[in-house]
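There are 2 protein chains.
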Amino acid sequence: MEIEEPWQVDDVHERVGKRLNEFLTVQRRPLASISPDVADLVDTVSHFVSGGKRLRAVFLYWGWRAAGGPDCEPIITAAAAMEMLQACALIHDDVMDRSDVRRGAPSVHRQFQAKHDDGSWSGSGADFGTGAAILVGDLSLTWADMLLLESDLSHTALARGKAVFDEMRCELMAGQYLDILEQARSTPGAESAMRVITYKSAKYTIERPLQLGAALAGGNPDVIKLLQTYGIALGQAFQLRDDLLGVFGDSATTGKPAGDDLLQGKRTVLVAQTLDRANSQQQTEFEAGFGKITANSDMVATMTGIVEATGARAHVEEQIDELTSVALSAAADPLLDATSSAVLDSLVSAATRRKY
Amino acid sequence: MEIEEPWQVDDVHERVGKRLNEFLTVQRRPLASISPDVADLVDTVSHFVSGGKRLRAVFLYWGWRAAGGPDCEPIITAAAAMEMLQACALIHDDVMDRSDVRRGAPSVHRQFQAKHDDGSWSGSGADFGTGAAILVGDLSLTWADMLLLESDLSHTALARGKAVFDEMRCELMAGQYLDILEQARSTPGAESAMRVITYKSAKYTIERPLQLGAALAGGNPDVIKLLQTYGIALGQAFQLRDDLLGVFGDSATTGKPAGDDLLQGKRTVLVAQTLDRANSQQQTEFEAGFGKITANSDMVATMTGIVEATGARAHVEEQIDELTSVALSAAADPLLDATSSAVLDSLVSAATRRKY
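Chains A and B, in that order, are what the protein sequence lines are. Under our numbering, read the first sequence as residues 14 to 369, first letter to last. Under our numbering, read the second sequence as residues 14 to 369, first letter to last.
Printed below as a string of structure tokens:
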């Protein structure tokens with residue numbers, strides 16, 4: 014059975030959105046009473062978390078369900094914490110990458126920069142935007158752990174879950190640091206690129222949320238091991254798809270410019286594979302445009318052509334297929350109940366065949 | 014009885030330092046196993062928290078003791094959480110203010126920028142420094158709540174304390190936002206300056222840590238009210254002293270350039286008082302140098318002379334005296350035990366007569 018919109022099963026996507034709304038409405042009040050200006054920070058986060066695929070929340074929920082947890086409101090609150098953590102990660106990441114756009118709208122630091130420009134305030138609008146975005150991210154990080162701990166799960170469950178959550182947050186930041194470090198050092202090679210995406214994205218997006226859900230439920234060790242196999246494989250496949258979308262994605266659906274990762278000079282696994290396979294002429298042509306934010310569409314076309322011609326694209330598609338098989342057979346294991354099995358199966362497609 | 018070094022009573026300063034060290038040693042291991050490079054982030058925080066007055070930790074501890082809590086290790090761990098939160102606040106604040114120096118050493122973003130420059134890495138060293146410092150701050154914020162919750166206090170105590178801690182973190186970020194907003198808007202007037210310092214500094218440095226300690230101890234409401242009176246008055250006095258140090262402080266002891274707040278264009282209460290009292294010639298002369306990071310020492314001397322000549326300095330000293338009296342009489346209340354009373358009394362001097 015293939016479920017078309019697995020994030021809708023048990024209304025997880027919608028209920029998480031509703032919970033985030035309720036939570037932020039409560040948080041808004043004391044902050045607005047300090048000053049109406051401060052309410053802008055809350056409203057920015059409200060708007061930010063109204064978008065997104067909520068994959069991490071969905072994986073947390075199905076980690077819980079697969080490990081035997083019942084559908085209930087407390088787990089929705091815990092799932093909402095994932096989206097708040099993700100808000101912090103993206104908002105701070107956009108500052109670090111100087112990204113202009115996120116989820117089809119101006120990134121948070123650009124929104125505050127625009128406020129500065131509109132008001133003709135003194136000082137640098139860019140600095141004001143950066144400062145505000147750092148604080149909005151800090152608030153989101155704070156709210157993430159508040160949500161988890163306010164989830165009305167038992168103390169024992171929360172103690173098990175908090176340990177995973179803490180590890181997850183630290184790994185995420187470690188992965189983001191490795192990312193900017195490897196970009197700065199221009200470290201070549203698929204191995205270092207894979208290490209970055211393992212921590213920055215693969216574990217953080219799928220393995221850890223699943224594991225956190227399962228830990229909260231206190232599932233049996235065999236199920237937890239199974240979810241881990243599924244999560245690691247799918248997490249890597251998810252990220253490799255991200256690499257492909259960053260180069261070949263349609264800007265109308267990704268909300269980012271065509272070839273964005275190439276313009277940004279992101280040393281993804283796909284790029285590492287390309288350079289490993291390129292002959293010297295291809296290497297020269299590729300490096301001429303790579304990381305040049307001002308590269309024109311011809312240069313982008315040349316680079317994407319090389320990714321294609323070297324066979325790097327096909328190779329990454331193969332890797333995705335292999336990882337997908339591992340995840341699918343884990344999802345089919347009879348240890349899992351039928352619903353969890355079907356949803357986890359469908360989430361494999363959702364995470365690897367997505368268009369944005 | 015005046016205690017000369019109140020932060021040393023019960024060895025709080027030293028024990029908090031030891032606890033921070035132990036905690037970070039444990040945190041270092043899994044992160045170093047991802048990559049030795051990531052260990053740099055932990056080492057940066059270790060070095061950062063080895064300095065500082067640890068005032069917030071000391072106030073948390075004495076809030077706990079004054080409310081009847083016994084000396085014990087769990088409360089030292091909770092107190093250590095205050096220093097980790099402060100690390101996040103300062104590291105992110107320095108990014109926002111583009112400060113070069115903190116605690117007599119290069120600020121965290123400058124340290125990472127130097128690493129980038131030393132390695133002749135690609136891209137902007139300043140951007141790399143900013144990115145790394147955002148992540149180091151995020152880790153510190155994460156570690157702050159881990160420390161509080163790992164403190165081995167009872168669930169009931171932690172539930173009471175967590176609520177205060179959450180409010181405190183949100184207020185801090187709100188205060189920091191108001192700060193950058195008021196600077197950008199160049200909002201004049203002592204009232205808005207006072208609102209900024211109330212949230213960004215006064216509540217956060219003294220009132221909230223005291224209240225958090227007392228909440229963890231579950232003290233009686235009269236004692237908590239007393240601590241609040243003490244905390245608000247002393248917090249404001251503390252911040253006004255900060256304003257004076259930012260203009261008149263000796264750079265050898267503050268670790269910041271002479272007249273730093275004037276060069277930075279910080280609209281402190283002291284500056285607001287100065288402008289309120291200045292005649293038009295003084296205003297013109299003051300505004301000529303204010304916020305000009307390149308102002309020479311003559312311009313700084315002119316500005317500090319105006320702060321003095323308008324009577325703003327004397328007025329702020331008077332305000333400090335009044336607030337100090339309020340705090341001292343709260344500390345002398347017979348509701349408090351003799352030791353807490355003596356320490357809180359001495360902390361008034363420490364916070365208001367300090368030289369850095």
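All residues carry an ideal CB built from backbone N, CA and C; glycine is no exception. All of these numbers come straight from a predicted model, not from anything done at the bench.
> Ala291/B lies in the alpha helix (DSSP H); which residues open and close that run?
Replying inline: Premise fails: Ala291/B is in no alpha helix (DSSP H) and is neither H nor E.
>> Using a Cβ-Cβ distance cut-off of 8 Å, determine whether Ser48/A contacts chain B.
In response: yes
>> Taking only three categories from DSSP, how would you classify Arg367/A?
In response: coil
> Quick one, which residues of the region 313-335 of chain A are near chain B if we go by CB-CB under 9 Å, in chain order?
Replying inline: none
>> Under 8 Å: do the region 110-123 of chain B and the region 160-175 of chain A share three or more Cβ pairs, one atom per stretch?
In response: no
>> Strictly under 8 Å for the Cβ-Cβ distance: is Met186/B near chain A by that measure?
In response: yes
>> Between Thr155/B and Arg182/A, how many whole angstroms is the CB-CB distance? I'm expecting something under 8 Å.
In response: 5 Å
> Is His168/B buried or exposed, if buried means 16 or more other CB atoms sit within 10 Å of its CB?
Replying inline: exposed
> Between which two residues does the alpha helix (DSSP H) harbouring Arg67/B extend?
Replying inline: Taken as a continuous stretch (DSSP letters only), Arg67/B belongs to no alpha helix (DSSP H), as it is neither H nor E.
> For the candidate residues Asp358/B, Asp158/B, Gln277/B, whose alpha-carbon lies nearest to that of Leu114/B?
Replying inline: Note on identity: in this sequence residue 114/B is Val, with Leu being the wrong assignment. Ranking Asp358/B, Asp158/B, Gln277/B by Cα distance to Val114/B puts Gln277/B first.
> Taking the alpha-carbon positions, what's the Glu86/B to Ala343/A distance?
Replying inline: 45 Å
> Does any CB atom of chain A fall closer than 8 Å to the CB of Lys305/B?
Replying inline: no
> If Thr317/A sits next to Phe261/A, beta carbons under 8 Å apart, how far is it from one beta carbon to the other, in whole angstroms?
Replying inline: 7 Å
> Should Glu195/B and Arg280/B be called a contact, given that it needs their Cβ atoms to be closer than 8 Å?
Replying inline: yes
> Should Ile147/B and His105/A be called a contact, given that it needs their Cβ atoms to be closer than 8 Å?
Replying inline: yes
> At what residues does the alpha helix (DSSP H) containing Leu348/B begin and finish?
Replying inline: From DSSP, Leu348/B is part of no alpha helix (DSSP H); its letter is neither H nor E.
> Buried or exposed: where does Ala351/A fall if 16 or more other Cβ atoms within 10 Å of its Cβ makes it buried?
Replying inline: exposed
> Looking only at DSSP bridge pairs, what is Ala45/B linked to?
Replying inline: In the DSSP output, where bridge partners are listed per residue, Ala45/B has none listed.
> For Lys213/A, which residues from the same chain have a beta carbon less than 8 Å from its beta carbon, with the 5 sequence-adjacent residues on both sides left out?
Replying inline: Leu185, Gly188, Gln189, Leu191, Asp192
>> Please list, in chain order, the chain B residues whose beta carbon lies closer than 9 Å to that of Arg208/A.
In response: Ile47, Ser48
> Where does Lys368/B land, buried or exposed, given buried means 16+ other C-beta within 10 angstroms?
Replying inline: exposed
>> I'd like to know if Asp158/A contacts chain B, where contact means its C-beta is closer than 8 Å to some C-beta of that chain.
In response: yes
> Relative to chain B, which residues along the region 108-131 of chain A have a C-beta separation below 8 Å, given in chain order?
Replying inline: Val108, Met109, Arg111, His129
> What does His105/A touch in chain B if you count any residue whose Cβ is under 7 Å from its own?
Replying inline: Ile147, Asp151
>> Quick check on Ala212/B - is its C-beta less than 8 Å from some C-beta in chain A?
In response: The residue you asked about is not Ala; residue 212/B is Tyr in the sequence shown. Taking Cβ atoms only, chain A reaches closer than 8 Å to Tyr212/B, which makes this a yes.
>> Can you give me the C-alpha to C-alpha distance between Met95/B and Leu73/B, rounded to a whole angstrom?
In response: 8 Å
>> Is there a Cβ of chain A sitting closer than 8 Å to that of His168/B, yes or no?
In response: yes
> Considering only C-alpha positions, which residue in the set Asp179/B, Ala325/B, Ala102/B, Gly232/B is nearest to Leu348/B?
Replying inline: Gly232/B
> Near Ile210/A, which residues of its chain fall below 6 Å by C-beta distance, leaving aside the five closest residues on each side in sequence?
Replying inline: Gln252
> With a CB to CB cut of under 8 Å and the five nearest residues on each side skipped, what residues in its chain are close to Asp130/A?
Replying inline: Gly138
>> Is there a Cβ of chain B sitting closer than 8 Å to that of Gly144/A, yes or no?
In response: yes
> Lys279/A CB to nearest chain B CB: under 8 Å?
Replying inline: no
> Looking only at DSSP bridge pairs, what is Val114/B linked to?
Replying inline: Pro119/B
>> Can you find the residues in the same chain that come closer than 8 Å, C-beta to C-beta, to Leu258/B, ignoring five residues on each side of it along the sequence?
In response: Thr267, Arg367, Lys368, Tyr369
> In this structure, does DSSP put Trp156/A in helix, strand or coil?
Replying inline: helix
> If we count the other Cβ atoms within 10 Å of its Cβ and call it buried at 16 or more, is Glu220/A buried or exposed?
Replying inline: buried
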